[in-house]
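Here is the structure we will look at.
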Amino acid sequence: MKADGDPNLIVYFDGRYMPLGEAKVGILTHALHYGTGVFEGIRAHWDEPSQELFVLRPVEHYARWKQNCGILRIDVPATPERLTAITLELMRRNGLRTNLYVRPIAFKSAERVGVAIDDQDSWAIIALPFGDYLHAENGLHAGVSSWRRIEDSAIPARAKICGAYVNSALASDEVRRSGFDEAIFLNQNGHVAEGATCNIFMVRKGKLVTPPVTDNVLEGITRDSIMELAHRELGLQVIERSIDRSELYISDELFLTGTAVGVAPIVRVDHRQIGDGAIGPIARHLNQIYFDATRGHLQAYRKWLVPVYCGHQPGQEEAKLVETSVA
Ligand SMILES: Cc1ncc(COP(=O)(O)O)c(C=O)c1O
């Protein structure tokens with residue numbers, strides 16, 4: 007992701023709203039040295055016809071964040087509902103009316119040298135204007151990285167741990183410098199795991215296949231949404247099983263999913279054409295349904311969306327926050 011923060015943007019840090027330019031951490035902060043933070047990524051989409059901003063599955067994202075923080079023994083005391091309310095308040099205070107990426111981050115904040123973790127935690131939420139992460143209109147050329155996906159027995163891939171993203175950064179850097187658009191990781195068993203920042207799906211013989219959550223992948227919320235859309239809207243059988251590298255080459259379709267990328271079709275892998283080399287019909291269809299669902303155009307999936315501006319009375323959420331404050 008590349009999104010530069012305006013120093014005047016209001017963010018939430020250390021229990022209060024403040025300009026981004028004032029939200030600073032010290033040079034000795036534990037997480038800076040040892041990667042001991044856990045982050046999240048949440049999307050909000052601006053829908054021009056309804057003049058509404060829809061936050062996508064924020065309660066699920068915050069529930070996952072809190073669970074993942076538990077893996078590193080980081081305590082975020084607020085509930086997912088309260089975190090959602092803070093997020094909406096940030097968008098309103100900043101008057102944001104465009105596509106956004108929300109970055110919650112919690113980290114070990116003690117300012118001292120020494121890797122052992124203690125109980126000093128800090129957390130922040132930042133909502134940034136953010137367009138497309140990958141330009142996948144014509145399909146991507148993905149490359150399998152020589153870096154393997156981290157094992158759960160070393161650093162859990164499911165936890166969105168800051169330090170673990172060195173693995174993604176190395177893979178991304180490697181394949182981009184070799185001319186590919188995005189990296190695909192194999193795990194230590196040689197099975198396909200996921201992209202550097204996204205999950206992967208393959209279409210073979212009319213079925214949708216994706217690696218199981220025990221193959222060292224992030225348990226993607228977009229992955230979950232796509233599995234539901236594929237099953238309910240396209241009547242597809244969705245199978246979670248390990249995928250071999252060579253299966254990618256002979257697949258009918260491939261695509262990536264994630265909060266930042268949405269649904270991103272792949273048309274070539276390692277210089278091999280996938281299918282007929284054009285974006286496949288299932289990827290195209292899922293991309294369209296996902297777009298409509300995330301902009302509030304499909305009633306059945308309004309359950310995933312929290313509108314930011316609709317019916318909001320100024321100060322309303324803040325009053326509720328004070329009442330329910332647990333921090
Ligand atoms: C390594 C990795 N895999 C998969 C995903 C996709 O997960 P989600 O759909 O929850 O954004 C992400 C992005 O969050 C990621 O960083």
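My numbering applies: residue 7 is where the sequence shown begins, and numbers increase by one.
Heads up, the beta-carbon is just placed ideally off N, CA and C, and yes, glycines get one too.
Beta-carbon contacts of residue i that lie in its chain and below 8 Å, excluding the five residues immediately before and after
{"i": "L327", "result": "Caution applies to L327, whose pLDDT of 43 falls short of 50 and renders its modelled position unreliable; the model cannot decide the point."}
{"i": "A325", "result": "Confidence in A325 is poor, its pLDDT being 43 and thus under 50, which makes the residue's placement too unreliable to answer from."}
Cβ-Cβ separation, residue j to residue i (assumed contact under 8 Å), whole Å
{"i": "L214", "j": "H291", "result": "Going by Cβ atoms, the distance from L214 to H291 rounds to 11 Å, so no, they are not a contact pair."}
{"i": "A60", "j": "H51", "result": "The sequence as given places Phe at residue 60; Ala does not occur at that position. Contact flag correct, Cβ pair sits at about 5 Å."}
{"i": "P25", "j": "L15", "result": "7 Å"}
{"i": "H197", "j": "P217", "result": "7 Å"}
{"i": "I227", "j": "L262", "result": "With 8 Å as the limit, I227 and L262 do not qualify as a contact, their Cβ atoms being about 14 Å apart."}
{"i": "G43", "j": "F113", "result": "3 Å"}
{"i": "V314", "j": "R98", "result": "7 Å"}
Cβ neighbours of residue i in the same chain (closer than 6 Å, five flanking residues each side left out)
{"i": "G286", "result": "E259"}
{"i": "L311", "result": "F60, G302"}
{"i": "K30", "result": "none"}
{"i": "G41", "result": "C168, G169"}
From the options, residue whose alpha carbon lies closest to that of residue i
{"i": "V121", "options": "H36, E180, N144", "result": "H36"}
{"i": "R63", "options": "I48, E246, K211", "result": "I48"}
{"i": "I288", "options": "C316, V314, D276, I232", "result": "I232"}
{"i": "P55", "options": "K309, Y307, D298", "result": "D298"}
{"i": "R274", "options": "D221, H147, G264, A160", "result": "H147"}
{"i": "C204", "options": "Q194, A130, V219", "result": "V219"}
{"i": "V17", "options": "Q243, A189, Y107", "result": "Y107"}
{"i": "E246", "options": "G264, A270, S257, D221", "result": "D221"}
{"i": "G185", "options": "D12, G27, S151", "result": "S151"}
{"i": "N195", "options": "I295, R229, R154, L224", "result": "R154"}
{"i": "P13", "options": "G21, G27, Y23", "result": "G27"}
Boundaries (first-last residue) of the alpha helix (DSSP H) holding residue i
{"i": "N205", "result": "That residue, N205, is in no alpha helix (DSSP H); its beta strand (DSSP E) goes 205 to 210."}
{"i": "K72", "result": "64 to 77"}
{"i": "R238", "result": "227 to 240"}
{"i": "V121", "result": "Note, V121: premise wrong, no alpha helix (DSSP H); not H, not E."}
{"i": "H26", "result": "Sequence inspection shows Leu at residue 26; the His mentioned does not correspond to that position. Taken as a continuous stretch (DSSP letters only), L26 belongs to no alpha helix (DSSP H), as it is neither H nor E."}
{"i": "T93", "result": "86 to 99"}
Endpoints, beta strand (DSSP E) assigned at residue i
{"i": "R247", "result": "Taken as a continuous stretch (DSSP letters only), R247 belongs to no beta strand (DSSP E), as it is neither H nor E."}
{"i": "V312", "result": "311 to 313"}
{"i": "A148", "result": "146 to 154"}
Nonlocal neighbours in the same chain, by C-beta distance under 7 Å from residue i, ignoring five residues either side
{"i": "E117", "result": "G32, L34, T35"}
{"i": "D282", "result": "none"}
{"i": "A199", "result": "R155, F191, L192, N193, P217, D221, N222, V223"}
Touching by the beta-carbon criterion (3+ pairs, under 8 Å), the region 158 to 171 and the region 77 to 87: At 8 Å Cβ cutoff, the stretches touch.
Stretch-stretch touch, CB-based, cutoff 8 Å, three pairs: the region 169 to 179 with the region 241 to 255: No, because fewer than three Cβ pairs between the region 169 to 179 and the region 241 to 255 fall closer than 8 Å, the two stretches do not touch.
Touch test, the region 173 to 185 against the region 136 to 143, Cβ-Cβ under 8 Å, three pairs minimum: Below 8 Å, too few C-beta pairs join the region 173 to 185 and the region 136 to 143 to call them touching: fewer than three.
Stretch pair the region 125 to 139 + the region 96 to 115: three plus CB contacts closer than 8 Å: yes
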